[in-house]
Each structure stands twice: as structure tokens, then as C-alpha cells.
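**Student:**
Numbering (the UniProt record's numbering), first residue to last: 1 to 358.
Set out below in C-alpha cells:
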């Protein structure tokens, strides 16, 4: 007898083979066993082939599905990339050219928003570009600098101030500055270059001063047992290092630098405003006033809004924005660089001296 398990495919009721009796003799039993062995092996191979076939079909199906998703995501990525490039090119083209000229005569407005800095949105190159486009437009009746800023870089502020003074000397269109919520420090430095300054009654105006802020951590570092290691060539190279002591001579020197920068600010305001300024020492003390108070001090010519100015000079056309548009990729990289600099403890502002509110 074979040790092969009984095959239910060949057995009948009661365990007897369907081909005949269970004990019909040695020859019949041997033949039946051989035949059953062959059939069992054939069925086993068939089952294995079917299982293999199903596994191969599953693998192929999964590969096809994976391939389709890869193609989908590649297509989506390519589409987004093309759309991003097209948008960047379009905005760059629009931003690199003067704004389209409306048919009606209008105010040519250039906006100064946020902190004034070389790497920010309110930088001199961008503002001057817009001012020139507004001045050259035959449809604009006036060049208007719309300001809402706490100030910032002395150099960037001075560059815009010089451009406004140059336009005033050339004559032609009125050059006007309108202060929205805030026109302080470097932002007012810019405004002083305009022929006329307007502000709302509740606007904040002034802060004619210079600031340089830092901190000192030498004492706490010594208590914690932290040693500061700075290698310099020059006795005063690291005098602004917040982890080192500052000598009386260095303090006097830096105060003189700030005073000199402050005098430059004062001279620019006096040149721009002239005899309209009141003789009040508090004007240049760094204080900030409301629009009504600023008008009484001669810092502002009259209290009015941009809409009121447009109704006065261009009632039909209103205002038209000549501020150059920024490339979104450039804006993203600048913000990303600023965030990374802050995360690493690096000051993104190049100059430690600033015309801005603390």
C-alpha cells in the first residue's frame, strides 16, 4: 500500500475507489495506486500553475497601477512647473514695465508698505522705478507716494528722498506724499522730499531720529561659565559684539556716529520742508505726532486722504498704481532667506543704524 494520503477526488463513499471494490486483488490495487499517484501529481501541478498565474497577474496589475500613478504625478508636477514658470514670466514682464496707461487722467501712485530695507518689498530701486514710470506717464496728473511704514534703512530712504527732490527741481507734475496709518522715521525722510505732504488726522507722523539697538550678555555668560571667543585684527573691530564689554571711548565714538547720521536726517527734512517747519526743538527729538499735530508743527501741509486728493486732482480717473510688481519666486526666496537668518540668529539688516521706530 502507498503512503500517499487518500485522494478525495478519486474516492467514493466509504473510502472505496469509484473504479471498483477496495480489495480486488494485488494487481488491481497496484494499478489503481499508480493511476491515483499520476492523477494527484497532475492536479498538484495544475493547482501550482494556477496559483503562479494568479500571483503573476497580481504583480503585473500592481505594476501597472504603480506606473499609472507615477505617470499621473509626473504629469501633475510638469503641469505645475509650467504654470509656475508662465506665471513668473508674466508677472516679471508686467513688473518690469510701466503700468498700462488708463484712458482717464489719474494720480500716479507708488506705494511704500512695511519696513524699508534693501532686500524687502519697500526698497529704493523698486520705489524709484515706480516713481519714474508715474512721472513719465502722459495720463498721470501728479506723482503720489502712498506711505504706510515705520521706516528702516537710512540709505534706502535717502535714495528715494533724492529722487523726489530731483523731480521737484525738474518741475512739471506735482510731487505729493500721502501718509496713511504710519509715516515715521525713514518713511518720513522719504516724504520730506515731496513738494506737499498729506496725512489723515489720526496718522502717526515724525520720529525724526536714529536708533541702534543691541544687548549685553557678558555678566550672565560669566555666571554660566560660558567663554566667548572672538578673534579680530583691530582693537575696535568687535566693539558692537553684544557678548563683549564696550569701553567709554567706544561708546562715545558710536554715539557720535548716530549723532552725525541724525544731523543728516535733520538737514534733509529742513531742505525739503523749508520755512514750513516750526521752530520747535522737539521736532527732531524722535517724538511722533498725530496728523493734526504734525500739521501744526509744519511736518504736514494739510490733513487729507488719498481718496480726497484723487477727487480734487483727478475726479474721473481716480488713482492708478505704478508700484512695480514683484516676481513671486523672488519674494519667496527673500522671505525664506529672512526666516532662515532669524532662525540662525543672524541679523538680516546689513546696517546696525536705522531710521525706524523701535
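Virtual Cβ for every residue (Gly too), placed ideally from N, Cα, C.
On a Cα-Cα basis, can you pick out the residue from 66, 119, 296, 269 that is closest to residue 284?
**Tutor:** Position 284 of the chain shown, counted from the first residue, corresponds to residue 284. Here the closest residue by C-alpha is 269.
**Student:** When we look at the beta-carbon of residue 117 and count the other beta-carbons within 10 Å, is it buried (16 or more) or exposed?
**Tutor:** Within the chain shown, residue 117 is the residue found at index 117, counting from 1. Under this definition residue 117 is a buried residue.
**Student:** What is the residue span of the beta strand (DSSP E) that residue 237 lies within?
**Tutor:** Taking the chain shown and counting its residues from 1, the one referred to as residue 237 is at position 237. Taken as a continuous stretch (DSSP letters only), residue 237 belongs to no beta strand (DSSP E), as it is neither H nor E.
**Student:** Applying the criterion that 16 or more other CB atoms from any shown protein chain within 10 Å of the CB defines a buried residue, is residue 256 buried or exposed?
**Tutor:** Within the chain shown, the letter at position 256 stands for residue 256. With fewer than 16 other Cβ atoms within 10 Å, it is exposed.
**Student:** Reducing DSSP to helix, strand and coil, say where residue 400 ends up.
**Tutor:** The chain is shown from 1 up to 358; residue 400 falls before or after that span and cannot be answered.
**Student:** How would you label residue 197, buried or exposed, when you count the other beta carbons within 10 angstroms and need 16 or more for buried?
**Tutor:** Along the chain shown, read from residue 1 onward, the residue named residue 197 stands at position 197. Answer is buried; the Cβ neighbour count reaches 16.
**Student:** Can you tell me where the alpha helix (DSSP H) holding residue 113 begins and where it ends?
**Tutor:** The residue labelled residue 113 in the question sits at position 113 within the chain shown. Residue 113 -> not in any alpha helix (DSSP H); beta strand (DSSP E) instead, spanning 106-113.
**Student:** Can you pull the DSSP bridge partners for residue 319?
**Tutor:** Stepping through the chain shown from its first residue, residue 319 is reached at position 319. According to DSSP, which records beta bridges pairwise, residue 319 is partnered with 107.
**Student:** For a test of the three-state rule: what should DSSP assign to residue 128, helix, strand or coil?
**Tutor:** Here residue 128 is taken as the residue at index 128 of the chain shown, counted from 1. Helix.
**Student:** Just to confirm my understanding: we take residue 394, look at its own chain, exclude 5 residues before and 5 after, and list those with CB closer than 8 Å. What are they?
**Tutor:** In the structure as shown, the chain starts at 1 and stops at 358, and residue 394 therefore has no counterpart that could be examined.
**Student:** I need the boundaries of the alpha helix (DSSP H) containing residue 306, first residue and last residue.
**Tutor:** As a position in the chain shown, residue 306 is number 306, starting the count at 1. First-last of the alpha helix (DSSP H) with residue 306: 306-313.
**Student:** Please classify residue 1 as buried or exposed, where buried requires at least 16 other C-beta atoms within 10 Å of its C-beta.
**Tutor:** As a position in the chain shown, residue 1 is number 1, starting the count at 1. At residue 1, the pLDDT of 46 sits below 50, so the modelled position is not reliable; the number obtained from the coordinates is stated separately. With fewer than 16 Cβ atoms within 10 Å of its Cβ, residue 1 is classed as exposed.
**Student:** Do residue 208 and residue 191 have their beta-carbon atoms positioned less than 8 Å apart in this structure?
**Tutor:** To locate residue 191, count along the chain shown from 1; it is residue 191. To locate residue 208, count along the chain shown from 1; it is residue 208. Taking 8 Å as the Cβ cut-off, residue 191 and residue 208 do not qualify as a contacting pair.
**Student:** Going by beta-carbon coordinates alone, are residue 62 and residue 326 separated by less than 8 Å?
**Tutor:** The sequence position of residue 62 within the chain shown is 62, counting from 1. The sequence position of residue 326 within the chain shown is 326, counting from 1. No.
**Student:** Is it true that the segment 169-183 meets the segment 139-149, where meeting means three or more beta-carbon pairs spaced less than 8 Å apart?
**Tutor:** Yes, since at least three Cβ pairs between the segment 169-183 and the segment 139-149 fall closer than 8 Å, the two stretches touch.
**Student:** Going by Cα to Cα distance, which pick from 109, 312, 297, 291 is closest to residue 281?
**Tutor:** For the purposes of this step, residue 281 is taken as residue 281 along the chain shown, with counting starting at 1. Taking only the C-alpha atoms, the option nearest residue 281 is 297.
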